[in-house]
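Notes to accompany the following structure.
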Amino acid sequence: MIVAISSTGTSLESKVDPRFGRCPFFIIYNTDDDSFEHVENQARQAMGGAGIQTGQMIAGRGVKAVITGNVGPNAFRVLAAAGVKVYSGVSDQVSDAVQKLKAGELQGTSAPDVSSHFGTGGGGGNN
Amino acid sequence: MIISVASGKGGTGKTTVACNMALSVGYCQFMDYDVEAPNSSFFLKPDIKHIHKVTIKQPYFLRGTGADFSECASFCNYNAVAVVGDDVIFFPELCHGCGGCLLVGPEGAVRENDVVVGEVRNGVASPSIDYYMGDLKPGSMRTISIQGDMDKSLNRDELVIIDCPPGTSCSMVFSVKDCDYCILVTEPTPYGLNDLKLSIEVLESMDKPFGVIINRDGIGDDEVEKFCKNSGIKILAMIPNKREIAEYYSRGDSLIEYDSSWKSRFEEIVKEIEKDIRK
């Protein structure tokens, strides 16, 4: 199974990034052979709808599960439509998060856990 | 001549200044561009004659036709369209209504609807004010669509007073873009000064002449006054901080009813501005 982990860096020692749509990198991890690569998240520069664009990129890579800190409503809708399972609320090192997923210790999320614009760093992105 | 009344910080007295200026001059056009929270009607008490709905175009996608909408998704800068597998998801709150997805999408499979985002009310306020007020539908983000609709009614041949939204975002920029002069209302506090500086940056980058009115003079310090004097910025008026003024305000009564000398003061300010911009 291919898993995407929102990450602060490019290695397995990086921390899971709390933001889905605006994280700098994703670690794309294949749990079948423990291989991984990193991709830069271009969508984090988006004017709006970063989570939507990120969700499409993730779905387009054949990812079946996402591990991240928080997912907003729009990104969640895209991931759900693509049949991608979401594990949110994770703040470990990427490698620990993968181990927990493999051990079945992560709980799937059935609803978005933050409102829109969580990851934009402003007070809601309105002004 | 168009005078916009703006302020960086909210709640400093834009509407108080704009309404009292309109009431003092008597004959003018009044535009409430603060469409997210229009409240000038409390003070001008207009008799509304016309209401019209403002609509925007919004796309809808004929799903289940086998059409591929991925061009629409990659075209949209605001990510209002997502394509996942062979399904399309539309996020109306992100759509800016540019119509691009109709152009780049599969022919005939993307269509447009008219969606109401708010309304513009027009009427007469005494003594002789041609009154316009925009009202954005709660939840809608299309502030500029309402203001843009109101723009069409601007009558430059007369005095126009625009009551702007607070802040320095798009909706404020839109409200000052056509003005001949901008009055910045602020309060004498560190917040007021900070946000005044932000508004000045916007106006200077747009080459707009401006002056400052300090409202609630006496609640804070004299830093705003010092800043204006040191920067050569004209202070048009200082409205004192008085409980009675607040009481009048909270009843929807005007400053000129409280103290009629403000009527001539506001008339003078308009004349001074007129002279200033003719220079």
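Residue numbers (our numbering), protein chains in the order written: chain R, 1 to 127; chain E, 1001 to 1279. For every residue, glycine included, the Cβ atom is placed at its ideal position computed from N, Cα and C.
Rounded Cβ spacing between residue i and residue j (contact assumed at less than 8 Å)
i, j, result
"Arg44 of chain R", "Arg61 of chain R", "Their Cβ separation, rounded to whole angstroms, is 16 Å, which puts Arg44 of chain R and Arg61 of chain R out of contact at 8 Å."
"Cys1101 of chain E", "Val1110 of chain E", "5 Å"
"Lys1053 of chain E", "Glu1119 of chain E", "5 Å"
"Val3 of chain R", "Val98 of chain R", "7 Å"
"Asp119 of chain R", "Ala1080 of chain E", "The question names Asp, but residue 119 of chain R is Gly in the sequence shown. 18 Å between Cβ atoms; not a contact."
"Ala1037 of chain E", "Cys1164 of chain E", "Ala1037 of chain E to Cys1164 of chain E, Cβ: 12 Å. No contact."
"Met1 of chain R", "Ala65 of chain R", "6 Å"
"Val1121 of chain E", "Ile1051 of chain E", "Val is not the amino acid found at residue 1121 of chain E; the sequence shown has Arg there. The Cβ separation is near 5 Å, so the contact holds."
"Ser1055 of chain E", "Val1117 of chain E", "Residue identity differs from the one stated: residue 1055 of chain E is Thr in this sequence, not Ser. Yes, Thr1055 of chain E and Val1117 of chain E are in contact; Cβ-Cβ is about 7 Å, under 8 Å."
"Pro1127 of chain E", "Gly1026 of chain E", "4 Å"
"Ile1144 of chain E", "Ser1169 of chain E", "Ile1144 of chain E to Ser1169 of chain E, Cβ: 10 Å. No contact."
"Ser1004 of chain E", "Val1224 of chain E", "About 20 Å; that fails the 8 Å criterion."
"Ser1024 of chain E", "Glu1257 of chain E", "Contact doesn't hold; Cβ gap of about 11 Å is too wide."
"Phe1069 of chain E", "Val1088 of chain E", "4 Å"
Short CB-CB distance (under 8 Å) between residue i and chain A
i, result
"Asn1215 of chain E", "The structure shown contains no chain A; its protein chains are R and E."
Span of the alpha helix (DSSP H) around residue i
i, result
"Ala1022 of chain E", "1014-1025"
"Pro1190 of chain E", "1190-1205"
"Lys1009 of chain E", "Premise fails: Lys1009 of chain E is in no alpha helix (DSSP H) and is neither H nor E."
"Pro73 of chain R", "73-81"
"Tyr1258 of chain E", "1255-1258"
C-alpha gap between residue i and residue j, whole angstroms
i, j, result
"Ala1067 of chain E", "Gly1139 of chain E", "31 Å"
"Asn70 of chain R", "Gln42 of chain R", "18 Å"
"Val1104 of chain E", "Phe1075 of chain E", "8 Å"
"Leu1184 of chain E", "Ile1002 of chain E", "14 Å"
"Gln1147 of chain E", "Tyr87 of chain R", "43 Å"
"Thr1015 of chain E", "Asp113 of chain R", "39 Å"
"Glu1204 of chain E", "Glu1244 of chain E", "36 Å"
"Phe20 of chain R", "Asn1077 of chain E", "19 Å"
"His1096 of chain E", "Arg1142 of chain E", "8 Å"
"Gly1099 of chain E", "Met47 of chain R", "18 Å"
"Ile52 of chain R", "Ala75 of chain R", "5 Å"
"Gly1010 of chain E", "Asp96 of chain R", "47 Å"
"Gly1008 of chain E", "Thr1065 of chain E", "50 Å"
"Ala1082 of chain E", "Lys1137 of chain E", "25 Å"
"Lys1271 of chain E", "Ser1264 of chain E", "10 Å"
"Leu101 of chain R", "Gly108 of chain R", "10 Å"
"Tyr1249 of chain E", "Leu1255 of chain E", "7 Å"
"Ser1040 of chain E", "Pro1106 of chain E", "46 Å"
"Gly1013 of chain E", "Arg1278 of chain E", "27 Å"
"Lys85 of chain R", "Leu106 of chain R", "11 Å"
"Thr68 of chain R", "Leu1236 of chain E", "54 Å"
"Phe36 of chain R", "Cys1072 of chain E", "31 Å"
"Asp1151 of chain E", "Cys1179 of chain E", "11 Å"
"Val1125 of chain E", "Phe1091 of chain E", "Residue 1125 of chain E is actually Ala in this sequence, not Val. Between Ala1125 of chain E and Phe1091 of chain E, the C-alpha separation is close to 40 Å."
"Arg1063 of chain E", "Gln56 of chain R", "18 Å"
"Pro1166 of chain E", "Asn1215 of chain E", "15 Å"
"Glu1158 of chain E", "Ser1231 of chain E", "31 Å"
"Ser91 of chain R", "Asn30 of chain R", "20 Å"
"Glu1247 of chain E", "Phe1043 of chain E", "13 Å"
"Ile1269 of chain E", "Asp1149 of chain E", "29 Å"
Contacts around residue i, its chain only, beta-carbon distance under 8 Å, and the 5 residues preceding and following it disregarded
i, result
"Ser7 of chain R", "Ser14, Lys15, Val16, Asp17, Cys23, Pro24, Phe25, Phe26, Ile27, His38, Val94"
"Ser1261 of chain E", "none"
"Glu1112 of chain E", "Lys1057, Gln1058, Pro1059, Tyr1060, Gly1099, Leu1102"
"Ile58 of chain R", "Ala4, Phe26, Val66, Leu79, Ala82, Val84"
"Ala111 of chain R", "Phe76"
Residue interval of the beta strand (DSSP E) (run including residue i)
i, result
"Cys1182 of chain E", "1181-1186"
"Ser7 of chain R", "2-7"
"Met1238 of chain E", "1235-1240"
"Gln1058 of chain E", "1047-1061"
"Ala50 of chain R", "Segment 50-60 is the alpha helix (DSSP H) holding Ala50 of chain R; no beta strand (DSSP E) there."
"Arg1216 of chain E", "1210-1217"
"Glu37 of chain R", "35-40"
"Phe25 of chain R", "25-30"
"Gly1148 of chain E", "Gly1148 of chain E -> not in any beta strand (DSSP E); alpha helix (DSSP H) instead, spanning 1143-1151."
Cβ-based neighbour list, residue i, same chain, cut-off 7 Å, excluding 5 preceding and 5 following
i, result
"Val1173 of chain E", "Val1202"
"Ser116 of chain R", "Gly72, Pro73, Asn74"
"Leu1094 of chain E", "Tyr1078, Asn1079, Ala1080"
Cβ-heavy atom distance, residue i to the ligand MN, below 7 Å
i, result
"Asp1178 of chain E", "This structure simply doesn't include the ligand MN, nor any ligand for that matter."
Residues of its chain near residue i, where Cβ-Cβ distance is below 6 Å and the 5 sequence neighbours each way are ignored
i, result
"Gly1123 of chain E", "Pro1046, Asp1047, Ile1048, Lys1049, Tyr1131"
"Tyr1181 of chain E", "Ile1003, Pro1209, Ile1273, Ile1277"
"Asp1195 of chain E", "Gly1008, Lys1009"
"Ile1162 of chain E", "Ser1004, Met1031, Tyr1033, Ser1175"
"Thr10 of chain R", "Phe25, His38"
"Leu12 of chain R", "Val94, Ser95"
So does the stretch 1020-1030 of chain E actually touch the stretch 1048-1061 of chain E, counting three or more Cβ pairs closer than 8 Å?
no
May I ask you to verify whether the stretch 1207-1225 of chain E touches the stretch 1174-1193 of chain E, counting CB pairs closer than 8 Å and requiring at least 3?
yes
Do the stretch 1203-1210 of chain E and the stretch 1237-1254 of chain E make contact, defined as three or more Cβ pairs closer than 8 Å?
no
Are the stretch 1030-1049 of chain E and the stretch 1122-1142 of chain E touching by the rule of at least three beta carbon pairs closer than 8 Å?
yes
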